[in-house]
Every structure is written in C-alpha cells, then in structure tokens.
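Below is one structure; the comments refer to it alone.
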Amino acid sequence: MKSLFWKDYRINRLLLIFGFVVCVGPWVIAIARHMQLNMRGEGVWWGPEPWVSTSSISLVLSLFTLAMLGGNAIAAERADRSAEFLAYLPVSRWSILAGKSLFALTPAVAIWMVNLAFLFWVAPRLAEGVSAAEMVRRPEVREFFDVFGPVSVLLFGAGWFWSAVLHSHGLATGMSFFTLAVVVFGMIGIEYGLGVDGFFTNESVATVFLIVGISGYIVGCAYYLRRLEP
Amino acid sequence: MTTASPTFAIETVGLSKRYGTKDAVRDLSLRIPRGEAFGFIGPNGAGKSTTIKMLMGLARPSAGEARVLGLDATRDCVAVKQCVGYVPEMHNIYRWMRVGEVIAFCRPLYEKWNDRYCADLLKLFELDPQNKVKQLSKGMVAKLALLLAVAHEPEVLILDEPTSGLDPVVREEFLDGVLRTLCERERTILFSSHTLSDVQRIADTIGLIFEGRLIDHCRTEDLLNGTKRIRAVLRDGCVPGPPPEGTIWQRVQQREWLITVRGFSPSTLEFLRTKYLLDNIEVIDLGLEDVFKDLIKGRKAAT
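In the order they appear, the protein sequences are chains R and D.
Residues in the first sequence are numbered consecutively from 101, following the numbering used here.
Residues in the second sequence are numbered consecutively from -19, following the numbering used here.
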C-alpha cells in the first residue's frame, strides 16, 4: 500500500501544491495585512467580516481544487495509459481504490479543516471582541456553510464519478462543474418552470447537492471496481 | 502458491470472448505444460492478445475458463499476477518515474522479488536507475518491462508481441534476455509475436490461432519437419487434379505446381509421381514464416 500512496502522492503533487496555495494563501495575505496595519498603528478595526470574507475567498478558490482532486483521481492514470501498467501488477482494485480515495479525500477534508481552524480559532484571536461561539452563531457564517459544504461535496463526488468513467482528467474536472450547473438549472426549472413552490430553497439545494455528490462518489467507486483497464 | 493442476502451467477450456456481435476468441482449449516455451502465432485480429488478456485477468471470458498454474485467471487475478511475468506490446510504464523509482514501486507489490537478479539485469540491460522512463528509448523501455516481468522470478512468463517496433539489434538483445531467463530458471513461456523467426528460436511448441480458433498446436520441430513445399513441374498437357493428402496450400502457375503439405512423407511424392506426368519434382524445406503464411493462405482460400 505504501508504494501506491507514494505513486498517488507523486501524481497529485502539483495539484496538492496548488490546493495548499489557494487554500492558505488568502489567509496569509489577510493576516499579513492585519499585522501590517497594526504595526503602523493605524488602528483599523477588523471585526469578523473580513475573516468571513477571507474564508469565502479561500473556499471559492478551493472548489477548483476539490473538483480537480475528484477529476484527477482515476482518469489521470488513464490519460497517459499508466493505468494499464498498474492493471498488470498484482494489486487488487480495492487497494488501488483505497489509495486513491485516501489521497483525494484527505486534502479535501484538510481544505475544510484549514478554513474552520482559521475562521473559528485564528480569526477570533485577531478580530476584536468576537469569540468563536459568536462566530458560529453569525447568520452569514451559517449561510456560508450551507452553500459551500454541499457544493464542495457535489463537485468532488461528480468529479470522482466522471473520473471513473472518462479517459481525460481535464474533462472529468470540467464535467463536475457542468454537473453543478445542470443540477442548479434543473432545480430552478422545477421551481419556476413546473411551478413547484418552495423547491429551490437553501435546504433543498443542500440536500440535492449532498445526494448527487455522495452518489457520484459511490457510483464512481462501483464502476471503477467493475471496470477492467484499458 | 497453491496450484490445483500441477501438470499444466496454462490451461483454457472452451474459452470464448465476444465483443458485441464479433467473436474474438471461440471455444479455445489449450494446455501448456510447465517448463514449455509456447509460441502463440496468428494474423492480426486473430485473438492472440484477447486470449492473453483473459489469461491475465484483464478481460472477462464470455464463456469457458482460463487457468494459470491451476488458478482461475478471472477470479484469482491478483494471485495469477503474483506468479506471472507479463510483457505487453505497449509498455505503459509511468513515464515520469525514474528507472529506480519504477523498480522501488513494483518491488513491494510482489511476494517474491530477487534484488540480486534485478541488479544483474539492470547491469545486463545497461539501464541507469537515475534515468527517467520518458528519456529512455523504446528498446530500453522494453528491456525495463522485461526486467520488471522477471525480477520477481515468476513461474510463467507471458510476452505479448514484446519486440514489436524494436530495431533488429535491440530485438536481438531483448530475445537474448528472454532466452537467458529461460535457461537460468525453468519457466513456462507464452510468446506471441509476428516476428516468426523469433518465435521459431524460442518456442518448443506452436499454437496457431485464426479467426479466434486454435487451428494447430504441435511441437515446433514436428511442424517444421513435417511441413514441406513440393515444387512439381507438370509435363505439357498434364492438368493438376486432386492434391496429396495433407495439402494446406497450393498454387498453379503455368506448368509449375506448388503444394505445401502438412505431414509430408515419401508417399506424398509417390502419390504425385504415379498420378501425374511430371518433368521434375523437388522438396523444399520451409521456415516457420513460410509455414505460417501457407497455413493462413490455405485457410482463407478454404473459407
């Protein structure tokens, strides 16, 4: 298993660097700006809003990372046909899938953990007069989680599914965004086209996104286990 | 490794593979004893690679079964790959890895890996562990693929057109490598190639597949000793009639009658001499390539 992890790390290395930069970068810039203003003694008051905005930027950019992590997972090795070489080796599909899942899910979870840590641990220490508990209770923070959480799951799960099916990781990543668009416009169509009132709400959108994302991951796994390379 | 059938390294029973409406392999029953070098030949699209893929668990049979060292190739494909070394036509080794990294990546995946043998082969094949795979020539990649296939000392070696696209010098070096591994350790080899001189050099037995069916399976020397081409020159006015028994291909051009006979014996000549008026008759020895061509041409003419 160790050699499979090493191989998956090497395949995803550039993506992981990109993911790290776009996830942590906005926070580093925001903190640096905060420190710079404090050092100048300009006395700028930074409440929770700039930190919530920073987290939004970090997570919006990280959505690309999540889609690419899903889209790259399986199709990247098919694109250069190295999946065929892997198929000749005495490794079960389950082991390969476990390695790929671990390598795609861990950074995806880490992106969220980094944002949660910055938002609820670092920001309250830098924002004046705001505790972590207050931060959690803020409506814009709740709304922000309602949107970004399910979108992240959908993009990752859809990317994973398309990666299991397609031969191009670029196309699989693109298809994950296309899936997001199809689901959103589909729901809008049901609400306004078919006249189903109250269908396009935060709760129903989140539920549909979660179902599509999780199903995409499960179906992608099942398809990969059944499929023979090439 | 537990084996249910110790006699045969490779065994297929009624093996078939259908892609849509096309039968790629039809009812293939084949037995290759342990320690034998088997040459698997046939024209393009005859079903060689599909058969090999089924043996490696890379394709599911539509019917029948494939067993390698007694293990079911579909159900126990991981165990099969542990005891089989496989060199495909296309060597899709990770191009971004260095040679040393490829070896380090593959090594832990095998239960048995002979480091000393691997080091010997690296030296023999002049492979630099620091070189990236993408920097290697096609011949060097083929040698790396052979190294990876044999360094875990497999009982069975399956080579699917491994020398395709290699220049004659590299091909020679590659075959030397195969022969070396064959001589050093008693292995079963299934060797598929369009370069029939290579097959003739390595194979103890030959299997000829045509349109998905195994049409011949015999010892190489029996095939070559027993298959002769007869060149008969007919006397003016004499018309060729039924050919001798065992004729696999024939061609008449003016007075010259060329007949390739399987199971040639002096009685074949006797038959022609007594039945036809001949000015001249001679027997020509054939190489595997000519035998193969005549068998295929004869089959195509018959169908």
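Backbone N, C-alpha and C fix where the C-beta goes; we use that ideal spot for every residue, glycine too.
When C-beta atoms of the segment 313 to 321 of chain R are compared with those of the segment 145 to 158 of chain D, fewer than three pairs fall below 8 angstroms, so the two segments do not count as touching. Between residue 127 of chain D and residue 102 of chain D, the C-beta gap is smaller than 8 angstroms, which places the two residues in contact. Cβ-Cβ separation between residue 264 of chain R and residue 174 of chain R: approximately 5 angstroms, consistent with a contact (criterion under 8 angstroms).
For residue 68 of chain D, the closest C-alpha among the options D:-3, D:273 and D:30 is that of D:30.
Close to residue 109 of chain R, with beta-carbon spacing below 7 angstroms, lies no residue of chain D; the smallest spacing is near 12 angstroms. If you check the CB distance, residue 272 of chain D and residue 26 of chain D do not come in under 8 angstroms.
Within the same chain, Cβ atoms closer than 8 angstroms to the Cβ of residue 251 of chain R are found at 163, 280 and 309, the five residues on either side in sequence being excluded. Listed along chain R, no residue sits closer than 9 angstroms to residue 257 of chain D by beta-carbon distance, the nearest being about 59 angstroms off.
Beyond the five residues adjoining it in sequence on each side, residue 287 of chain R comes within less than 6 angstroms, by CB distance, of 300 in the same chain, given in chain order. For residue 213 of chain D, the enclosing beta strand (DSSP E) starts and ends at 207 to 214. In this structure, the straight-line span from the alpha carbon of residue 83 of chain D to that of residue 152 of chain R is close to 48 angstroms. Using a 10 angstroms sphere on the CB of residue 79 of chain D, the tally of other CB atoms reaches 16 or more, which defines it as buried. When DSSP states are grouped into helix, strand and coil, residue 33 of chain D belongs to the helix group.
Distances from the alpha-carbon of residue 248 of chain R to those of R:108, R:138, R:147 and R:160 put R:160 closest. CA-CA distance, residue 109 of chain R to residue 34 of chain D, rounds to 31 angstroms.
Scanning its chain for C-beta atoms nearer than 7 angstroms, with the 5 sequence neighbours on each side dropped, one finds around residue 39 of chain D the residues -3, 30 and 33, in chain order. For residue 178 of chain R, no Cβ of chain D is located within less than 8 angstroms of the residue's own Cβ. Three or more beta-carbon pairs drawn from the segment 188 to 200 of chain R and the segment 104 to 118 of chain R are found closer than 8 angstroms, and the two stretches are therefore classed as touching.
Listed along the chain, the chain R residues whose CB falls inside 7 angstroms of the CB of residue 72 of chain D are 181, 182, 184 and 185. Nearest to residue 81 of chain D by alpha-carbon distance, out of D:104, D:97, D:113 and D:19, is D:113. From the beta-carbon of residue 85 of chain D, the residues of chain R found nearer than 8 angstroms are 103, 106 and 107.
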